[in-house]
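Asks: Those protein sequences? They're chains R and G, same order as listed.
Sequential numbering from 450 applies to the first sequence in this note's numbering.
Sequential numbering from 47 applies to the second sequence in this note's numbering.
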Amino acid sequence: MLYKKMLRDLSDYKIQFISVFLMAFVGVFIFAGVGGEANCLEVNIDNLYEDTNLADGWIYATDISSDFQGKVNDLNSTTSSERQLVITSTANFSNSPDIELHFVENNTISKFYLAEGKELNLSDEDGVWLDKKFADEKGLNVGDNISFKFNGMTIEKEIRGLGYSPEYVYNLPYYAVKANHTEYGFAYMSHNAFPMDNVQYNVLHVKFNGNDGDFEDVLSEKLGGDYSSFMPRQSHTSVKVYQGTIDQFKMIGNILPTIFILVSMLMLLTSMKRVITHQRTQIGVLKANGFKNRTIMLHYLSYGFVLVSLGSILGLISGPIFIYKLAYASLCKIFSLPYLRPVDGVGFAYAVVIMVLLSIIVSYYSIKSIVNEPPSTIIRPKAPKATTSSFVEKLGFWKHLSFNFRWNYRDAKRNNFRAIMTVVGVLGCTVILISAFGLYDGMNDAEHWQYDVIDHFESKLVIDMDATPSQIDDVAKDVDGDKIMESSIEIESDSMKKTGTLLVLNGTDLITPTDIDKNRINIKDDEVAISQKMANLLGVGVGDTVRMHIKDSDKWVDVKIDKIHGHPSSQGLVMSAKKLDDLGLNYTTTSILTAKHIDNDYNGIKSVIYIDDLIDSSRELNTPLWIIIYALMFFAVVLALIVLYNLGLLSFLEMERDIGTLKVLGFKTRSLTKLLLTQSLVFIIIGFLLGIPAGYRILVMIWQQSSEKYYIVSVLTFTNIICTFLIVLAVSIIINLYFSRKIKNLDMVEALKILE
Amino acid sequence: MSTVIEFKNVDKVYKSGAQLLKAMDDVNFTIDEGEFVVILGPSGAGKSTLLNLLGGLDCVSSGEIIVNGNHIESFNEDQLTEYRAKNVGFIFQFYNLIPNLTAIENVELMNDVVDVKIDGMEVLDAVGLKEWANHFPAQMSGGQQQRISIARAIAKKPAVLLCDEPTGALDSNTGVLVLSLLQDLSTSQKSTVVIVTHNSLLAQAADKVIRIKNGQVESIELNDSPMKIADIDW
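#1: Look at the alpha carbon of R/Val953 and the alpha carbon of R/Lys598, and state the distance between them as a whole number of angstroms.
#2: Taking only three categories from DSSP, how would you classify R/Asn594?
#3: What residue does the beta strand (DSSP E) around G/Asp57 start on, and which one ends it?
#4: Less than 8 Å between the C-beta atoms of R/His1014 and R/Ser1040, yes or no?
#5: Between the region 1111-1124 of chain R and chain G, which residues of the former have CB atoms less than 9 Å from a CB of the latter, in chain order?
#6: One question on the structure: do R/Ala564 and R/Ile783 come within less than 8 Å of each other, judged by their Cβ atoms?
#7: Let me check understanding here. Comparing Cα to Cα, which of G/Gly214, G/Phe138 and G/Lys202 lies closest to G/His244?
#8: Starting from G/Ala131, find everything on chain R with Cβ-Cβ shorter than 8 Å and list it in chain order.
#9: With burial defined as no fewer than 16 other Cβ atoms inside 10 Å of the residue's Cβ, what is the status of R/Phe561: buried or exposed?
#10: Can you tell me whether R/His748 is helix, strand or coil according to DSSP?
#11: Take G/Met156 and list the residues in its own chain whose beta-carbon comes closer than 7 Å to its own, dropping the five residues that flank it on each side.
#12: Kindly list the residues whose CB is nearer than 8 Å to the CB of R/Ile695, restricted to its own chain and excluding five residues on each side of it in sequence; keep chain order.
#13: At a cut of 8 Å, does the region 131-148 of chain G reach the region 1126-1140 of chain R through at least three beta carbon pairs?
#14: How about R/Met983 and R/Gly949: do their beta carbons lie closer than 8 Å?
#15: R/Leu1195 and R/Lys1112 look like a contact to me (Cβ under 8 Å); what is the Cβ gap, rounded to whole Å?
#16: Where do the ends of the alpha helix (DSSP H) carrying R/Trp578 lie?
#17: So, under 8 Å CB-CB, R/Pro644 and R/Met700 are touching, yes? Tell me the CB distance rounded to an integer number of Å.
#18: Given this structure, state the Cα-to-Cα distance separating G/Glu267 from G/Ser107, to the nearest angstrom.
#19: Run through the DSSP bridge pairs and tell me what G/Ser265 is partnered with.
#20: Of all the alpha helix (DSSP H) runs that stay within the bounds of the region 1050-1129 of chain R, which reach a length of 4 or more residues?
#21: If you drop the 5 nearest sequence neighbours on each side, which residues of the same chain put their C-beta closer than 8 Å to that of G/Lys54?
#22: Within the same chain, show all residues whose beta-carbon is closer than 7 Å to that of G/Gly188, passing over the 5 residues directly before and after it, in chain order.
#23: Using DSSP with H/G/I as helix, E/B as strand and the rest coil, what is R/Met914?
#24: Output, in sequence order along the chain, the residues in the region 846-858 of chain R whose CB is closer than 8 Å to any CB in chain G.
#25: Can you look up G/Arg193 in the DSSP assignment and give me helix, strand or coil?
#26: Just to confirm the assignment, what range does the beta strand (DSSP E) spanning R/Pro681 have?
#27: Quick check: the Cα distance between R/Leu1022 and R/Glu1157, rounded to an integer number of angstroms?
#28: Can you pull the chain G residues whose beta carbon is under 9 Å from the beta carbon of R/Ser460, in chain order?
#29: What residue does the beta strand (DSSP E) around R/Met870 start on, and which one ends it?
#30: Which residue comes first and which comes last in the alpha helix (DSSP H) that contains R/Ile704?
#31: Pull up the DSSP beta-bridge partners for R/Ser908, would you.
#32: Would R/Ala1089 and R/Val989 qualify as a contact pair, given that the criterion is a beta-carbon distance under 8 Å?
#33: Could you check which residue in R/Ser1129, R/Tyr1079, R/Tyr749 and R/Leu759 has the C-alpha nearest to that of R/Leu775?
#34: Which residue's Cα is closest to the Cα of R/Ile1192: R/Ile1133, R/Phe1167, R/Ser1100 and R/Gly1144?
#35: From the DSSP output, in three-state form, read off R/Glu1205 for me.
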């Protein structure tokens, strides 16, 4: 029979129970959804790396002999290695796409992942295993022939298989700005397919135990000078960019969903406590009729248990799927993965357990305090809380304050738990909205900083690797451009080694470095500036010395830091060509910048990148993040609606009798609505005001967790504050309009009977 | 004495799904100014419905209710609110004081809905609770709370005082004190007092007794020499 009672109670209190259910649902939905997306990306890539046995590091040299490979294998931490010859070729299509050819020795490390066709066969001299995305774009199928030109040779092969490579999950050549799989790709072949007898391997894929730094130290100590450079897995562009996206998801997924779940829990507790307190006389009746305390407790515990379990389990199941579907298309556009399967939310099941346990604990304590009273007491409504006049109320001006003010002051004082919960609820929603808008503003600010404040060029002409100095000079003169050098570097301090970017400027006005406050700074010819984020990562400052080397060169040099600059998306060093030369390093022009829009083709120019393309590309790479930010903003509003509705309902139900009395006494609906609205607005304003600094603090914490590539300044704009306030206010007004209708339609006779 | 209240062929029908429940069935009576009227009847007879209709808390299904010459059955919601604010003083079984307000504030609360300026202290003095002016309802006994409720009701000098089981939640001694106060108001201030109760002993103190049964007026009795509340053997 108690089961029937439970079902009927669920029906009678459906609005409150629905909000309990929704809060449990939304809290876990976002928590598991956003957190699950980072998990999904991580699990899928880990599986791919495992399936293809991706190398832990790559050793580059012009000729990797079997003797050198043997020495690497002899290092204690090395577990296996494999040589590859990697050559850039041009495929026989009208647009001359660049194809990176991999002639593999054993196909045991960094293996080709087959999607269609036959497995890679080392004895097959005529077959090629091609990039599936490239093949799809070109309409190539297994069995078709394709030829590649490189080093003056042309080879023609039959496509045996199509698939993916763990080294090309993110594949954007240096001259491209947006993913375009018709223009580049990769292909794998057996070393036997190489047209010459002697294959001069140039990359050694290594698997090793222990950390990258230790391996590199040993490698450098034992074999230094026998190879050009070593790149650990985490520095590989594809691995790094993919990891950056995981980090972005984690950055948002760690903090904001936790606030969602905390707000949901708090509100859930308030509701459960209220429902149970409201059932006080019914508990008395059950007890008076001989029901055991245990039976009554179990009965009421089942309410929260059933609803919270249902809501949070549904959130756990649907959150990861929903967010996965939301971000899937944009992720597939950026990354080439054989699979991107959703990951279930089991890893977040602890959130459900905590949610359910908390609701049971609160229900337990609420019931316990009631059932422990004698039935004769419980069967009657609880005596109103005794109130005494506070200091403020004894002051002379008190009497002159409006009824509205006095009422609300006393109501908040009497129902302080509800008042605190309302403030905390609004605070939580404000924090989520301020942070979500802050993320939005931060991303926009970073874009503005980079493309309006630092970069002033219109076109960036990427130099072909084969271009001659005179060709470069001619183009620069013709387009009225400035030559720059951009290169990947490794920077080392006493405590840390990081990869970054070297930017060498020749007194150009088309890139103007700034400090972290976006004020232009002048880096003199004999100065070196380090980016703020890199300085933070390395733990160095002005006056300190770091070591650096340019990728593909093993020459390390000491660099004294003279200035700190700020850059939102490129971390490393900025210096002049003269300074680079002083350091004993070669200056090589990699691009020409110009303020003109260049449409002409030039010899020696690989591609022209326009500033708008760069902006689009940066936006495209951040699309998954934008989607999550929009989703968070949407659910923050949903949460605000549920929280404020729920709290409004609690206020209304607790004041229903008083409102009924006032209505009977002749108070107009308008005055009564004003009464509720005033209270609601005061709590909203307090919660909102407290939420602004809290939200900003959370925003700072979120940006601090952003990946090493980004340095985004936490901005709290006036628009952010106004938008957040307007949303909270609008939600509150909608809720209040709803309750003012309830006041208008309030059945006075029934309202007065509530106590009876 | 002039007629203050008149019920003419009043019907009140409640709908519950397909079922119709007639709570008032052709009710007719009049109440004169300053009368102390007791409406008696068993539970479910329709006493509270009658009071709700008279107090403007509910609307008739048919018939007329005329109070001070106004047909309140034709009032819209705003007019009913105005009517309750200016013409009716309510006294409930469970006092219905506003727990957030002190005794004097509960009385002076009416300043927000009526035009006359109410001196809370003066009214509290009239019900003998001047000393309790700054206490909250939760700090007072049931009898004291009911007297505050009476003070609130009479403060605006309404045309009629409607009392729904005003002693239902009180012990008998306190109940006698409260009823005496209501009777005094009727005799000394010529206030019209209508009390709904199932306690038939109170009939001895009434100027007029209206007995209700099954939603109909069973009888109307006039009492030429009503007893003093204190003299009734409770």
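The beta-carbon is built from N, C-alpha and C at its ideal position, and this holds for glycine as well.
All values derive from a computational prediction rather than experimental measurement.
Replies: According to the structure shown:
#1: Cα atoms of R/Val953 and R/Lys598: separation of roughly 33 Å, rounded to the nearest angstrom.
#2: R/Asn594 carries a strand assignment under DSSP once its states are collapsed to helix, strand and coil.
#3: Counting along the chain, the beta strand (DSSP E) containing G/Asp57 begins and ends at Thr49 to Ser62.
#4: In this structure, R/Ser1040 does not lie closer than 8 Å to R/His1014 by Cβ.
#5: Leu1111, Lys1112, Val1113, Leu1114, Gly1115, Phe1116, Lys1117, Thr1118 and Ser1120: these are the residues of the region 1111-1124 of chain R whose beta carbon lies less than 9 Å from some beta carbon of chain G, given in chain order.
#6: No.
#7: The residue among G/Gly214, G/Phe138 and G/Lys202 with its C-alpha nearest the C-alpha of G/His244 is G/Gly214.
#8: By Cβ distance, chain R contributes Leu1114, Gly1115 and Phe1116.
#9: It is buried - the Cβ of R/Phe561 has at least 16 other Cβ atoms within 10 Å.
#10: R/His748: helix per DSSP, three-state reduction.
#11: Closer than 7 Å at the Cβ level, and outside the excluded window around G/Met156, lie Ile164, Arg198, Ala201 and Lys202.
#12: Ala487, Leu490, Glu491 and Ile494, listed in sequence order.
#13: Cβ pair count under 8 Å is below three, so no.
#14: Contact check for R/Met983 against R/Gly949 passes: the beta carbons are separated by less than 8 Å.
#15: Contact between R/Leu1195 and R/Lys1112 holds: CB atoms are separated by about 6 Å, below the 8 Å threshold.
#16: Membership of R/Trp578 in any alpha helix (DSSP H) is not indicated; the residue belongs instead to the beta strand (DSSP E) covering Gly576 to Asp580.
#17: At roughly 48 Å, the Cβ-Cβ gap does not stay under 8 Å, so R/Pro644 and R/Met700 are not in contact.
#18: Approximately 26 Å between the Cα atoms of the pair.
#19: When DSSP reads this structure, G/Ser265 sits in a beta bridge with G/Arg257.
#20: The region 1050-1129 of chain R contains these whole alpha helix (DSSP H) runs: 1060-1070 and 1072-1113.
#21: The residues are Asn74, Gly109, Glu110, Ile111 and Ile112.
#22: So the list reads Ala215, Leu216 and Thr220, once near-sequence residues are dropped.
#23: Assignment of R/Met914 by DSSP, reduced to helix, strand and coil, places it in the coil class.
#24: Within the region 846-858 of chain R, the qualifying residues are Phe852, Arg855 and Trp856.
#25: Helix at G/Arg193.
#26: Run containing R/Pro681: Ser678 to Pro681, per the beta strand (DSSP E) assignment.
#27: Between R/Leu1022 and R/Glu1157, the C-alpha separation is close to 14 Å.
#28: Under the 9 Å cutoff, chain G gives no residues; its nearest Cβ is about 17 Å from R/Ser460.
#29: Careful: R/Met870 lies outside any beta strand (DSSP E), inside the alpha helix (DSSP H) at Asn865 to His897.
#30: That run of the alpha helix (DSSP H) goes Thr686 to His727.
#31: Residue pairing by DSSP places R/Ser908 opposite R/Thr1043 and R/Tyr1059 in a beta bridge.
#32: At a Cβ-Cβ threshold of 8 Å, R/Ala1089 and R/Val989 do not count as neighbours.
#33: It is R/Tyr1079.
#34: Of the listed residues, the one whose Cα sits closest to R/Ile1192 is R/Ser1100.
#35: In this predicted model, R/Glu1205 has a pLDDT of only 43, less than 50, meaning its place in the structure is not dependable; the value taken from the coordinates is given anyway. R/Glu1205 falls in the coil class under three-state DSSP.
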